[in-house]
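**Student:** Below you will find the structure I want to go over with you.
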């Protein structure tokens with residue numbers, strides 16, 4: 216399991232705010248049109264008597280039929296106009312946004328203690344602490360993050376289970392990937408690190424990450440090696 220702390224949700228909140236604004240504008244326009252509808256013959260008559268003659272039969276329809284239909288018609292038209300306007304603005308913004316690239320993202324292990332086997336716990340836990348730095352001018356939403364650890368013949372893969380957001384030009388030090396290895400795996404890890412032939416052994420950690428952003432997708436990976444004396448600090 217992955218336990219990213221304080222996961223961000225900037226994109227979803229932004230979209231929710233835009234949808235709420237579109238709904239309020241559409242409802243407001245529908246209510247105004249419904250309130251003014253009884254006066255439509257006079258308004259159109261001032262413009263052209265022929266228009267008034269066309270509107271009067273419609274206004275004469277019972278209000279419980281005409282007003283709801285008018286409300287939803289105006290609401291639908293306003294919503295379509297707003298969506299079209301939003302699409303045009305998004306297209307213009309996309310043309311000015313710097314395309315995402317691998318240079319906007321840096322991933323490493325947080326420190327020499329970036330990997331830890333908490334053997335002293337009731338249920339042993341294996342933790343990996345990746346440090347993720349964004350150089351992008353816009354938020355990066357991490358949708359995929361894995362860490363594969365190779366303890367000799369034993370390989371373990373830790374995976375992210377909840378997306379999170381990295382703010383522009385910032386570093387996340389609070390991300391933790393974790394797993395609960397069984398007794399056999401714990402024994403193999405301990406033997407790899409502290410066994411009779413442990414000297415000179417190297418732990419290989421392969422980290423893969425995928426981010427979505429306004430500038431596109433970033434998909435990259437790194438390989439980290441941990442040897443002596445750092446490897447002996449893993450078991451705690």
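Residue numbers (the working numbering): 216 to 451. Don't be surprised by glycine CBs; every beta carbon is placed ideally from N, CA and C. Just so it is clear, the structure is predicted and the values come from calculations on it, not from any experiment.
1) Which term fits residue 328, buried or exposed, when burial requires 16 or more other beta carbons within 10 angstroms of its beta carbon?
2) Going by beta carbon distance, what residues of the same chain come within less than 6 Å of residue 421, once the five residues before and after it are set aside?
3) Between the beta-carbon of residue 341 and the beta-carbon of residue 396, is there less than 8 Å?
4) Quick one: grab the DSSP three-state call for residue 407.
5) Alpha carbon to alpha carbon, how far is residue 351 from residue 406?
6) Between residue 205 and the rest of its own chain, which residues show a CB-CB distance below 7 Å, the 5 nearest in sequence each way excluded?
7) The beta strand (DSSP E) spanning residue 340 covers which residue range?
8) Please say whether residue 360 and residue 381 have beta carbons closer to each other than 8 Å?
9) Report the rounded CA-to-CA distance for residue 353 versus residue 392, giving the unit in angstroms.
10) Leaving out the 5 sequence neighbours to the left and right, which residues in its chain are closer than 6 Å to residue 423 when beta-carbon positions are compared?
11) Please classify residue 374: does DSSP put it in a helix, a strand, or coil?
12) Checking 8 Å against the spacing of the C-beta atoms, do residue 373 and residue 404 come in under that value?
13) In whole angstroms, give me the CA-to-CA distance for residue 293 and residue 302.
14) Under 8 Å, do residue 386 and residue 348 count as touching if we go by C-beta distance?
**Tutor:** So, from the listed chains and residues:
1) Counting from 1 along the chain shown, the entry for residue 328 is found at position 113. When all chains shown are included, residue 328 counts as exposed.
2) As a working mapping, residue 421 is identified with position 206 in the chain shown. Excluding residues within five positions, the ones whose Cβ falls inside 6 Å are 363, 438.
3) Stepping through the chain shown from its first residue, residue 341 is reached at position 126. Stepping through the chain shown from its first residue, residue 396 is reached at position 181. Contact flag set, yes.
4) Counting from 1 along the chain shown, the entry for residue 407 is found at position 192. In the displayed model, residue 407 falls within a helix according to three-state DSSP.
5) Taking the chain shown and counting its residues from 1, the one referred to as residue 351 is at position 136. Taking the chain shown and counting its residues from 1, the one referred to as residue 406 is at position 191. Residue 351 and residue 406: Cα-Cα distance of roughly 42 Å.
6) This structure cannot settle anything about residue 205, because the visible part of the chain is limited to 216 through 451.
7) Indexing the chain shown from 1 puts residue 340 at position 125. Following the DSSP letters along the chain, one finds residue 340 inside the beta strand (DSSP E) bounded by residues 340-343.
8) Within the chain shown, residue 381 is the residue found at index 166, counting from 1. Within the chain shown, residue 360 is the residue found at index 145, counting from 1. No, the pair does not count as a contact, with Cβ atoms beyond the cut-off.
9) Residue numbering aside, residue 353 sits at position 138 when the chain shown is read from its first letter. Residue numbering aside, residue 392 sits at position 177 when the chain shown is read from its first letter. Using only the alpha carbons, I get a separation of about 25 Å.
10) Here the question's residue 423 lines up with position 208 in the chain shown. Closer than 6 Å at Cβ, skipping near neighbours: 361, 436.
11) Here residue 374 refers to the residue found at position 159 when the chain shown is read from its first residue. The answer is strand: DSSP assigns residue 374 an E or B state.
12) Here residue 373 is taken as the residue at index 158 of the chain shown, counted from 1. Here residue 404 is taken as the residue at index 189 of the chain shown, counted from 1. Taking 8 Å as the cut-off, the Cβ atoms of residue 373 and residue 404 do not count as close.
13) Along the chain shown, one-based indexing puts residue 293 at 78. Along the chain shown, one-based indexing puts residue 302 at 87. For residue 293 and residue 302, the gap between their C-alpha atoms comes out near 14 Å.
14) Taking the chain shown and counting its residues from 1, the one referred to as residue 386 is at position 171. Taking the chain shown and counting its residues from 1, the one referred to as residue 348 is at position 133. The answer is yes: Cβ separation under 8 Å.
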